[in-house]
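I have placed the structure first, in the form of structure tokens, so that the comments after it can refer back to it.
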Amino acid sequence: MPDHQERPGLAASLAAATEFLTLIPAGDGHDRPLARCVAMFPVVGAAIGLVGALFYIVAGWLGLGPVLAAIVCVVAMLVLTRGLHEDGLADLADGLGAHEDRERRLAVMRDSRIGAFGVMALIIVIGARVAAVADLQDAMDVLAALVVAAALSRAFMVVAMRMLPDARDEGMAAGAGEPEFDQVLIALIVGAILALVLLFPWAWIAALAAGGIAACLVGWLAMTVLGGKTGDVLGSIQQVSEIGILAGAVAVT
Numbered sequence: 003m004p005d006h007q008e009r010p011g012l013a014a015s016l017a018a019a020t021e022f023l024t025l026i027p028a029g030d031g032h033d034r035p036l037a038r039c040v041a042m043f044p045v046v047g048a049a050i051g052l053v054g055a056l057f058y059i060v061a062g063w064l065g066l067g068p069v070l071a072a073i074v075c076v077v078a079m080l081v082l083t084r085g086l087h088e089d090g091l092a093d094l095a096d097g098l099g100a101h102e103d104r105e106r107r108l109a110v111m112r113d114s115r116i117g118a119f120g121v122m123a124l125i126i127v128i129g130a131r132v133a134a135v136a137d138l139q140d141a142m143d144v145l146a147a148l149v150v151a152a153a154l155s156r157a158f159m160v161v162a163m164r165m166l167p168d169a170r171d172e173g174m175a176a177g178a179g180e181p182e183f184d185q186v187l188i189a190l191i192v193g194a195i196l197a198l199v200l201l202f203p204w205a206w207i208a209a210l211a212a213g214g215i216a217a218c219l220v221g222w223l224a225m226t227v228l229g230g231k232t233g234d235v236l237g238s239i240q241q242v243s244e245i246g247i248l249a250g251a252v253a254v255t
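Residues are numbered in our numbering as their position in the sequence shown, beginning at 1, plus a constant of 2.
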């Protein structure tokens, strides 16, 4: 159920979202219940995308070609987020790859060791992000697409936190709680406005559609196989929808 306790202020919500989604220490951010701070997820995501774009631009100034600049950009974002969502994707891939029952799959996902399916998933998603960034036309296209993809994909995470039941009674997703509807709405509006402003006139439609479909597919798979969400599922939704958003932007720009 949604958490109806008193909400933290804007600064405290931003601190909690920053501390959770990045390696940046943000004071007492972790003292705040995560479900009451998720409206700030797209804001922090936009900042993560901006950092990646700046690394891409600097790499270009130093004479690196699009592919190498894209690698620098993606690595910078991986370091900034400490691979939080990539770790979730690898765990989900290992769980889905285990031909076992639901409980065994969930146990595999909790194992800190990475398996073959997790490695393959990481190679695919990191390669896809590098390829998408390298495929964009110029530095300003990269900046716009990365900011939108990083923000909107985290808004889709917030939607999943609200809509999907917990697959188990403990863990990150269960502990975070269920955000209230207005928190979800704010997160979606922030992501959608960024998409409309930065990817106008047509690319924003493709980005929203591709990212939304990708997020829905992961959510459907989690419901079918696991019976709901875990922290790993939420991280996977962010990763896959980010690639969908980037691919949509590439296809139209």
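Beta carbons: idealized from backbone N, C-alpha and C, even for Gly. Quick caveat, the model's predicted, so the values are computed rather than measured.
CB of residue i within 9 Å of CB of residue j, strictly
i           : j           : result
residue 185 : residue 72  : no
residue 96  : residue 128 : no
residue 44  : residue 192 : yes
residue 141 : residue 195 : no
residue 89  : residue 234 : yes
residue 147 : residue 201 : yes
residue 162 : residue 221 : yes
residue 36  : residue 173 : no
residue 122 : residue 239 : no
residue 46  : residue 14  : no
When the options are compared against residue i, the one with the closest alpha-carbon
i           : options               : result
residue 102 : 83, 70, 213 and 228   : 228
residue 39  : 92, 119, 118 and 21   : 21
residue 151 : 253, 241, 25 and 36   : 241
residue 149 : 132, 28 and 247       : 247
residue 70  : 26, 179 and 133       : 133
residue 131 : 87, 255 and 245       : 245
residue 124 : 215, 25 and 93        : 93
residue 139 : 169, 68, 46 and 19    : 68
residue 48  : 183, 120, 126 and 197 : 197
residue 154 : 23, 255, 243 and 145  : 243
residue 52  : 23, 126, 145 and 183  : 145
Distance between residue j and residue i (C-alpha atoms, nearest Å)
i           : j           : result
residue 187 : residue 65  : 42 Å
residue 207 : residue 219 : 18 Å
residue 31  : residue 16  : Only weak support is given to the placement of residue 31: the predicted model assigns it a pLDDT of 47, under 50, and the question is left unresolved by the model.
residue 84  : residue 204 : 33 Å
residue 211 : residue 250 : 8 Å
residue 252 : residue 143 : 9 Å
residue 54  : residue 79  : 5 Å
residue 5   : residue 62  : Because the pLDDT at residue 5 is just 49, under 50, the model does not fix this residue reliably, and the value given afterwards should be weighed accordingly. Taking the straight line from one Cα to the other gives about 46 Å.
residue 86  : residue 157 : 16 Å
residue 100 : residue 50  : 33 Å
residue 12  : residue 216 : 30 Å
residue 166 : residue 236 : 10 Å
residue 214 : residue 74  : 27 Å
residue 230 : residue 91  : 15 Å
residue 181 : residue 25  : 23 Å
residue 98  : residue 169 : 14 Å
residue 120 : residue 10  : 36 Å
residue 257 : residue 189 : Any question about residue 257 goes unanswered here, given that the chain covers just 3 to 255.
Environment of residue i [buried if 16+ CB atoms lie within 10 Å]
i           : result
residue 57  : buried
residue 76  : buried
residue 118 : exposed
residue 232 : buried
residue 27  : exposed
residue 81  : exposed
residue 171 : exposed
residue 104 : exposed
residue 109 : exposed
residue 106 : exposed
First through last residue of the alpha helix (DSSP H) which encompasses residue i
i           : result
residue 206 : 205–227
residue 243 : 233–254
residue 101 : Counting along the chain, residue 101 falls outside any alpha helix (DSSP H), and DSSP gives it neither H nor E.
residue 137 : 118–137
residue 143 : 141–165
residue 39  : Counting along the chain, residue 39 falls outside any alpha helix (DSSP H), and DSSP gives it neither H nor E.
residue 15  : 12–23
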